[in-house]
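> According to mature numbering (1 follows the signal peptide of the UniProt record, and there is no 0), the sequence shown holds residues -21 to -1, 1 to 389 in order.
Heads up, the beta-carbon is just placed ideally off N, CA and C, and yes, glycines get one too.
This one's a predicted model, so the numbers in the text were calculated from it and none came from an experiment.
Handing you a structure now.
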Amino acid sequence: MRSSLLTVVALCATTALTACSGPTAEPSPTPGVSRTAAPPSASPSPPTTPPPEPSASPSSEPAPSGTADGLAGWTLEQKVGQLLMVGVNVGGGSEELSRAAVTEHHVGNVFLHGRSEAGVEATRALVERYTSLVSAETTRGEPMLVATDQEGGLVQVLRGPGFSEIPRATRQAEWPAPELRDRAEAWGAELAAAGINLNLAPVMDLVPRETAAQNAPIGYFARNYGFTAESVTTSATAFSEGQRAAGVETVIKHFPGLGRVTQNTDTASDVVDDEVGPDSPDVQVFAAGIAAGARFVMMSTAVYDRIDPDAPAAFSPAVVGLLRDDLGFDGVIMTDDLSAADQVRGWSPGERAVHAIEAGVDLVLASADPSVVPEMAAALVERARADAAFAGQVDAAVARILAAKSTLPR
């Protein structure tokens, strides 16, 4: 009976899923961010038409200051485009907004979301419709990060001819590490054949066994690699090593951990974790993932009372500082979905993007609703033009993203 219920709930939640020393002193509230932000005046449903688009042209002025090495000649709009990842629905429907994100707003990264049974060849054709848009004008000629969610189990976007059925993470964790690595390499080769170079996996959230059924985003759907730090670290590392061997980079998620919450940030607001702190084992599994070579980390949008009670992790300099300074991560930090997640509906799309970059995040994911991209891009450009320090953060984030792209197969 429970299996049947799980299947029904999973089908309803499947889109939401596709879319991570002693305690520090309590941080000061994040400027301009509050976990109790006023709700938007508009309906919380995703907008059906995009907001007015910012003007952009090849002759747009570059960022006012802080230009990083290698970014000379880039327009500010092109830089901002590198900081955004737009969703492309693999289930069909209009691609107009997703394509416009690239051609009009210089977005340099795409995320395949939804569910597809079309197989490798059809997926590659879809990917090439976007990679063919890369040009000196759109992305300054830089290749795209082409991402998807191919964890396994209920979170597997791509199926059909050429794609294996990947078991859930709890099952993968039962295999010896060498076997999991080999299988992950084979799954990675399938993704690479479809033109995908970034997998938003593996999950490194530490889920206590006794509360797994109540852990809405991870444990309930068996997305966790077992129930101990050792199991999570060993299996997630093996998965990442296999994927990288096939030419697909991975993203460890959802920092600093979603294994103890009871609500899903995609479908609930005011999701708060009051257990995880800077020295919790939930954080240390990510330290192990970083030590094993992770180049991308996805930031949760939950609030962590023991780290920063005043802002979602993706908007929190304190949580980003924990990852950068305490754990020593110098790769790309990306957000979980900021386009349609209920947890962030209290902020406008533009505010979400600005708060994330201001906190030190590099890459903003708009996976579910491409209509928010024009507003996000416009807000980032406007803030960078008005604030030299923010413009410097934009440049630093672009530099990290380009450095990560340079390691991927061309």
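Starting from the C-beta of Ser219, find all residues in its chain whose C-beta is less than 8 Å away, skip the five residues before and the five after it, and write them out in chain order.
Ala163, Pro181, Thr229, Ile231, Gly268, Ala271, Gly272 and Ala273
> So, are the CB atoms of Ala191 and Tyr199 less than 9 Å apart?
yes
> Answer yes or no: do Leu177 and Val227 have a C-beta to C-beta separation smaller than 9 Å?
yes
> If we ignore side chains and look at the alpha-carbon of each, how far apart do Val360 and Ala290 end up?
If I take the Cα positions, the gap works out to 23 Å.
> Kindly indicate which three-state DSSP category Pro388 falls into: helix, strand or coil?
coil
> Any idea if Arg320 is buried or exposed, counting beta-carbon neighbours within 10 angstroms, 16 or more meaning buried?
Per the sequence shown, the amino acid found at residue 320 is Ala instead of Arg. Classification of Ala320: buried, given that the 10 Å Cβ count is 16 or more.
> What does the alpha-carbon distance come out to for the pair Val81 and Leu344?
A direct Cα-Cα distance of roughly 14 Å separates Val81 from Leu344.
> For Ala171, which residues of its own chain have a beta-carbon under 8 Å away from its beta-carbon, when the five flanking residues on both sides are left out?
Ala225, Gly226, Val227 and Pro388
> Taking only three categories from DSSP, how would you classify Thr213?
helix
> Going straight from the alpha carbon of Gly93 to that of Ile175, what length do you get?
15 Å
> Distance check for Gly221 and Leu105, CA to CA, integer angstroms please.
25 Å
> What is the rounded straight-line gap between the Cα of Ala152 and the Cα of Arg223?
Rounded to the nearest angstrom, the two C-alpha atoms are 18 Å apart.
> Can you check which of these residues, Leu63, Glu100, Gly52 and Lys58, is closest to Val69 by C-alpha distance?
Glu100
> What does the Cβ neighbour count give for Ala358, buried or exposed, with the cut at 16 atoms within 10 Å?
buried
> Check whether the Cβ of Gly52 lies closer than 8 Å to any heavy atom of the ligand MG, and answer yes or no.
Summarising the ligand content, the structure contains no ligands, and the ligand MG is consequently not present.
> Curious, which full-length alpha helix (DSSP H) runs of at least 4 residues does the region 86 to 158 contain?
99 to 110 and 148 to 151
> So, using beta-carbon positions, are Pro196 and Arg188 closer together than 9 Å?
no
> Measuring only the C-alpha atoms, how far is Ala97 from Asp304?
43 Å
> Does Arg108 pass the burial test, meaning 16 or more other C-beta atoms within 10 Å, or should it be called exposed?
exposed
> Leaving out five residues before and five after Arg117 in sequence, what residues of the same chain have Cβ atoms less than 7 Å from its Cβ?
Rather than Arg, the amino acid found at residue 117 in this sequence is Thr. Within the same chain, Thr117 has close Cβ partners Val81, Thr82 and His85.
> Where does the unbroken alpha helix (DSSP H) through Thr82 begin, and where does it stop?
Glu75 to Thr82
> What are the partner residues of Asn68, as DSSP defines its beta bridges?
His92
> Per DSSP, what kind of secondary structure is Ala281 in: helix, strand or coil?
coil
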